[in-house]
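Chemist: One structure is given below, represented as structure tokens, and several questions about it will come after.
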Amino acid sequence: MEHIFVRGGKALSGVVEIGGSKNDALAILVGAILVPGVSILHNVPVNTDIHNLLNIFRQMGVQANFTSSNTLELDASNLTTSETPHDLVRQMRASFNLLGAIMTRFGHAEVAMPGGCNIGARPVNFHIEGLRQLGAEFTLEHGVYHGKVDRFLGADINLEFPSAGTTQHLMIAATCAMGTTTIGNCAAEPEVVNLAEFLNACGAKITGVGTSVIVIEGVQTLHPTEFSILPDRMQAGTYAVAAAISGGDVFLKHAIYDHSRHLFSKMLDAGIQIDAELDGIRVKRNANTILPVDFKTMPHPGFPTDMQPILATMLTIGDGTSVVTETIYENRFRFTMELAKMGADVRISGRNAIITGVKRLSGAPVVSPDLRGGAALVIAGLVAEGVTEISDLHHIDRGYENLVGNLQHLGADIDRLTIKEGNIPCSV
Ligand code: EPU
Numbered sequence: 001m002e003h004i005f006v007r008g009g010k011a012l013s014g015v016v017e018i019g020g021s022k023n024d025a026l027a028i029l030v031g032a033i034l035v036p037g038v039s040i041l042h043n044v045p046v047n048t049d050i051h052n053l054l055n056i057f058r059q060m061g062v063q064a065n066f067t068s069s070n071t072l073e074l075d076a077s078n079l080t081t082s083e084t085p086h087d088l089v090r091q092m093r094a095s096f097n098l099l100g101a102i103m104t105r106f107g108h109a110e111v112a113m114p115g116g117c118n119i120g121a122r123p124v125n126f127h128i129e130g131l132r133q134l135g136a137e138f139t140l141e142h143g144v145y146h147g148k149v150d151r152f153l154g155a156d157i158n159l160e161f162p163s164a165g166t167t168q169h170l171m172i173a174a175t176c177a178m179g180t181t182t183i184g185n186c187a188a189e190p191e192v193v194n195l196a197e198f199l200n201a202c203g204a205k206i207t208g209v210g211t212s213v214i215v216i217e218g219v220q221t222l223h224p225t226e227f228s229i230l231p232d233r234m235q236a237g238t239y240a241v242a243a244a245i246s247g248g249d250v251f252l253k254h255a256i257y258d259h260s261r262h263l264f265s266k267m268l269d270a271g272i273q274i275d276a277e278l279d280g281i282r283v284k285r286n287a288n289t290i291l292p293v294d295f296k297t298m299p300h301p302g303f304p305t306d307m308q309p310i311l312a313t314m315l316t317i318g319d320g321t322s323v324v325t326e327t328i329y330e331n332r333f334r335f336t337m338e339l340a341k342m343g344a345d346v347r348i349s350g351r352n353a354i355i356t357g358v359k360r361l362s363g364a365p366v367v368s369p370d371l372r373g374g375a376a377l378v379i380a381g382l383v384a385e386g387v388t389e390i391s392d393l394h395h396i397d398r399g400y401e402n403l404v405g406n407l408q409h410l411g412a413d414i415d416r417l418t419i420k421e422g423n424i425p426c427s428v
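Note that the numbering used here gives residue 417 to position 417 of the sequence shown, counting from 1, and the numbers run on in steps of one.
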């Protein structure tokens with residue numbers, strides 16, 4: 001079993017390269033199932049979610065090979081089955097979008113209810129309702145959705161909530177539908193925009209992305225293309241806060257300022273220096289103190305829920321009280337119970353976390369509760385006195401490629417070690 005050990009107190013400095021976005025890559029990989037021939041995708045991150053999705057693909061006859069460290073060639077011409085491997089699908093959320101993609105190819109599909117981080121109920125009702133409006137029929141048997149459709153038919157859909165996954169799923173399903181589809185109250189995340197750009201590069205006719213109404217004119221066929229996955233705004237935000245909490249000075253190479261405006265604006269309010277430069281962003285903390293800030297998670301372009309645990313962690317050593325409101329996921333404060341073991345003062349009241357800054361955090365054994373909560377604990381360890389030991393790393397591995405190596409490169413005293421039960425190394 002592997003644990004991360006971090007000894008706090010080192011100010012991070014240097015350059016970190018921001019790799020490809022997990023959520024963008026997952027959506028585009030599913031979109032590529034529609035495309036006959038070899039799609040070439042650059043900047044694909046290597047993490048366990050991507051690995052799982054590619055395993056699902058391979059078991060279904062799709063050829064997927066990395067030709068260099070982050071370039072993937074994918075050929076779905078020989079997709080042989082409409083039934084996805086249920087155990088693998090249940091391990092992640094994004095695999096559910098295969099339902100619409102496979103129904104487009106075969107007219108029917110069998111996909112299990114998805115998994116993903118335990119951060120809330122995360123139902124799939126918007127997905128199913130939207131696909132029904134495009135003409136599909138479903139039954140749910142033993143946790144598996146069985147869908148069928150002759151051909152998706154264009155429809156006028158209005159989402160109850162601007163769900164990122166639903167918007168991407170319906171966009172994929174509508175790409176080769178007969179007629180025109182509009183998706184109102186849709187999501188506007190950069191990963192939604194980039195999926196549309198990928199599909200358009202393959203011959204789709206999608207307009208309006210980035211606004212609240214997307215229009216998709218169905219096309220008969222698509223052709224393969226060569227395309228790049230976006231730099232990961234969640235990785236960029238994680239290293240930005242790591243730099244700030246440690247009192248450091250770090251350049252986030254390839255990070256895109258526009259994709260993280262809300263996070264950076266709150267960091268500026270907290271007294272952190274943020275400079276957009278050519279091909280990246282510099283993050284520097286000049287002041288001794290971090291100012292308290294309040295923030296509330298919202299659909300894009302609001303403050304992203306995925307960055308809530310990360311920024312909230314920085315505020316645990318702020319000079320005053322901050323109020324964090326989580327509106328997207330009802331169960332995304334679990335990391336604060338672990339931070340409390342390190343001396344953080346966080347009180348949860350419904351959807352609010354009231355964080356009263358403390359002078360110091362103290363290293364302790366903590367358990368990663370989910371992907372971003374786990375990364376938040378690593379960040380807390382960077383500034384805590386003594387050693388913080390983080391377990392349940394499989395959550396972190398779902399979305400961060402080489403987190404420990406990158407932090408080491410920036411000067412952190414951090415290691416990932418295999419330990420036997422009850423055998424804790426005394427220094428790192
Ligand atoms: N929702 C429903 N019904 C649905 C779909 C969503 O009630 O059918 C609710 C969700 O429960 C949630 C809200 O709508 O309360 C928003 O969920 P959304 O569909 O936007 O999220 P998602 O597509 O399942 C993606 C990311 C998440 C990220 C959210 C929000 C992927 C694979 N996952 O999830 O990423 O938190 O958008 O931005 O793209 C992460 O990377 O750590 C992560 C959890």
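Cβ atoms here follow ideal geometry from the backbone N, Cα and C, with glycine treated the same way.
#1: Leaving out five residues on either side along the sequence, give the residues of the same chain with a beta carbon under 8 Å from the beta carbon of LYS22.
#2: Does the Cβ of LYS22 lie closer than 7 Å to at least one heavy atom of ligand 1?
#3: Have a look at GLU110 and LEU230 and give me their C-alpha separation to the nearest angstrom.
#4: With DSSP collapsed to three states, give me the class of CYS426.
#5: Whole angstroms is fine: what's the gap from GLN63's alpha carbon to ILE317's?
#6: Measuring alpha carbon to alpha carbon, tell me which of ARG93, ILE172 and ALA243 ends up nearest GLY154.
#7: How many Å lie between PHE106 and VAL149 at the Cα?
#8: Out of SER69, SER82, VAL38 and ILE40, point me to the one whose CA is closest to GLN59's CA.
#9: What three-state label does DSSP hand MET178 in the structure shown?
#10: Answer yes or no: the CB of LEU371 versus the heavy atoms of ligand 1, is any distance below 7 Å?
#11: Could you check which residue in ILE355, ARG351 and GLU338 has the C-alpha nearest to that of ASP345?
#12: Can ASP392 and ILE119 be called in contact, C-beta distance under 8 Å?
#13: Just to confirm the assignment, what range does the beta strand (DSSP E) spanning ARG347 have?
#14: Do ASN97 and ALA174 have their beta-carbon atoms positioned less than 8 Å apart in this structure?
#15: Please report how far the alpha carbon of ASP339 lies from the alpha carbon of SER260, in whole angstroms.
#16: Quick check: VAL209 and ALA196, are their CB atoms within less than 8 Å of each other?
#17: How many whole angstroms separate the CB atoms of LEU475 and LEU74, which I take to be in contact at a CB cut-off of 8 Å?
#18: By alpha-carbon positions, which one of THR388, ILE274, ASN158 and GLU389 ends up nearest to ASN185?
#19: Over the uninterrupted alpha helix (DSSP H) stretch that includes SER265, give me the two end residues.
#20: Using 7 Å as the cut-off, classify the Cβ of HIS146 as near or not near the heavy atoms of ligand 1, replying yes or no.
#21: Since GLY184 sits in a beta bridge, which residues does DSSP pair it with?
#22: Would you check if the distance between the CB atom of GLY381 and the CB atom of VAL358 is smaller than 8 Å?
Modeler: If we stick to the structure as given:
#1: The beta carbon of LYS22 is closer than 8 Å to those of PRO45, ASN47, ASP49, ILE50, ASP232, MET234, ARG398 and GLY399 in its chain, skipping five residues each way along the sequence.
#2: Within the cutoff, so yes.
#3: Here the C-alpha atom of GLU110 lies approximately 30 Å from the C-alpha atom of LEU230.
#4: Because the pLDDT of CYS426 is 42, which lies under 50, any placement of that residue in the model is unreliable, and the question is left without a value.
#5: So the two alpha carbons sit approximately 48 Å from each other.
#6: The option with the nearest alpha carbon to GLY154 is ILE172.
#7: When the Cα atoms are used, PHE106 and VAL149 turn out to be separated by approximately 9 Å.
#8: The residue with the shortest Cα to Cα distance from GLN59 is SER82.
#9: Here DSSP, grouped into helix, strand and coil, assigns MET178 to strand.
#10: For LEU371, the CB falls within less than 7 Å of some heavy atom of ligand 1.
#11: Closest by alpha carbon: ILE355.
#12: No. Outside cutoff.
#13: Boundaries of the beta strand (DSSP E) around ARG347: 345-349.
#14: No, these two residues do not count as a Cβ contact at 8 Å.
#15: Before going on, a small fix: residue 339 reads as Leu here, not Asp. Taking the straight line joining both Cα atoms gives about 25 Å.
#16: Yes; because the gap between Cβ atoms is below 8 Å, this pair is in contact.
#17: Not covered by the structure: residue 475. The range shown for the chain is 1 to 428.
#18: Comparing Cα-Cα distances from ASN185 to each of THR388, ILE274, ASN158 and GLU389, the minimum goes to ASN158.
#19: Unbroken alpha helix (DSSP H) run through SER265: 261-269.
#20: Checking the Cβ of HIS146 against ligand 1 gives no.
#21: The partner list for GLY184 (beta bridge, DSSP) reads ASN158 and VAL213.
#22: The beta carbons of GLY381 and VAL358 sit no closer together than 8 Å.
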